[in-house]
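Enquirer:
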Amino acid sequence: MTVQGKLKEMLNAVAVALGDDLRSRLVFVGGCTTALYITDPITLEGVRATDDVDLIVDLAGFAAWAELMETLRQRGFAEAPDENVLCRMKLGDLKVDFMPADPAVLGFSNQWYGRGIETAVPAALDDGLEIRCLTAPLFIATKLEAYRGRGGGDLIGSRDAEDILLLVDGREELGDEIAEADADIKAYIAEQIGGVLGDPNLDHFLQGNIRGPTGRADIVYDRLEAIAKLGGV
12 MTVQGKLKEM LNAVAVALGD DLRSRLVFVG GCTTALYITD PITLEGVRAT DDVDLIVDLA
72 GFAAWAELME TLRQRGFAEA PDENVLCRMK LGDLKVDFMP ADPAVLGFSN QWYGRGIETA
132 VPAALDDGLE IRCLTAPLFI ATKLEAYRGR GGGDLIGSRD AEDILLLVDG REELGDEIAE
192 ADADIKAYIA EQIGGVLGDP NLDHFLQGNI RGPTGRADIV YDRLEAIAKL GGV
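When we follow our numbering, the leftmost residue of the sequence shown carries the number 12, and every step to the right adds one.
If you want it as C-alpha cells, here you go:
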C-alpha cells in the first residue's frame, strides 16, 4: 500500500469510529491530512508517513472536555497511559490526538485552531465518507506556528516544514488561496515564509526534499518568494 493509501485508511478508521455527530464537530488536522491538499501526482508520491491522526475541537471548558473523552471511550477509543502526550487516545493500535482550540483546557493550543474550526471545509474519503479539514491557508498557518514552536525553527529536522513544502510544491493554487485569505492570516504566513527564505539551510532543504525534474526547486523557491511578498499587499 502507498503512503497516501495508508494515511487515507487511518483517516477512514477514525472517521467511522467518531460517528456522524462527532465527525461534524471535529476537524482533522496535521500531517495525516497533507495528501488531501496535494493536486500534483509527483509531489503526492513524496508525502511522508505518520503514525497518528490529529483532530481539533471547540470546547467550553474542562467539563466539556471530560464529556468528550467519555463519549470517545464509548465509541472504542481508549486512553494511552503509556504515551507521553496529554491529548492522546488509541483506537486499536492507532494513535489519535484530540486537541482543544481553547488553551485553557489542557494548557496548550495553536493560535489558528479556532479559526480553523470556524472555516473548516469538507474533504471526501472512501465510500461517500466526508470529514472536515482546514482550509489550505490555515493548514499552512498552523504548520508554521508548530514549526516555530515545537520545531524550534529547525528547517532540516522539522516535519512541519516538510509538510509546508509539500503543499507549496504540490498545490499550484496555494499562492492565490493565501492571497485571498483574511488579512491577518495572509500577513502571518507571508512574514513566516519570509523568515524561512532567510534560513541559511534553505537550499539544502529544498534540494533534499523536492521530487521531480531539474529546476523544480527553483519553481518552488519562486512560489515561496511570491507568498512572502503578499505581506505588503
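The beta carbon of each residue, even a glycine, is placed where N, CA and C say it ideally should be.
Less than 8 angstroms between the beta carbons of V231 and D174, yes or no?
Expert: Taking 8 angstroms as the Cβ cut-off, V231 and D174 do not qualify as a contacting pair.
Enquirer: When you compare each of A194, L185, V207 to S169 by their alpha carbons, which one comes out closest?
Expert: Ranking A194, L185, V207 by Cα distance to S169 puts V207 first.
Enquirer: Of the residues P114, V116, Q85, L217, which one's Cα is nearest the Cα of K101?
Expert: For the residues P114, V116, Q85, L217, the minimum Cα distance to K101 belongs to Q85.
Enquirer: If distances are taken between C-alpha atoms only, which option among Q15, L29, G16 comes closest to E141?
Expert: Taking only the C-alpha atoms, the option nearest E141 is L29.
Enquirer: Under 8 angstroms, do I221 and G186 count as touching if we go by C-beta distance?
Expert: Contact: no.
Enquirer: Here's a check: name, in chain order, each residue in its chain whose Cβ is nearer than 6 angstroms to the Cβ of V14, leaving out the five neighbours to either side.
Expert: Excluding sequence neighbours, V14 sits near V58, A60.
Enquirer: Is it the case that the stretch 43 to 55 contacts the stretch 77 to 93, given that we only count it when at least three CB pairs across the two stretches are under 8 angstroms?
Expert: No, because fewer than three Cβ pairs between the stretch 77 to 93 and the stretch 43 to 55 fall closer than 8 angstroms, the two stretches do not touch.
Enquirer: Quick one: what's got a C-beta closer than 8 angstroms to G205's C-beta in the same chain, skipping five residues either side?
Expert: Excluding positions up to five away in sequence, the list reads A239, G242.
Enquirer: Using the C-alpha atoms, what's the distance from D31 back to L136?
Expert: Cα to Cα, L136 sits roughly 14 angstroms from D31.
Enquirer: Just how far apart, CA to CA, sit V10 and D108?
Expert: Summary: the structure shown does not reach residue 10, with the chain confined to residues 12 through 244, and so no result is reported for it.
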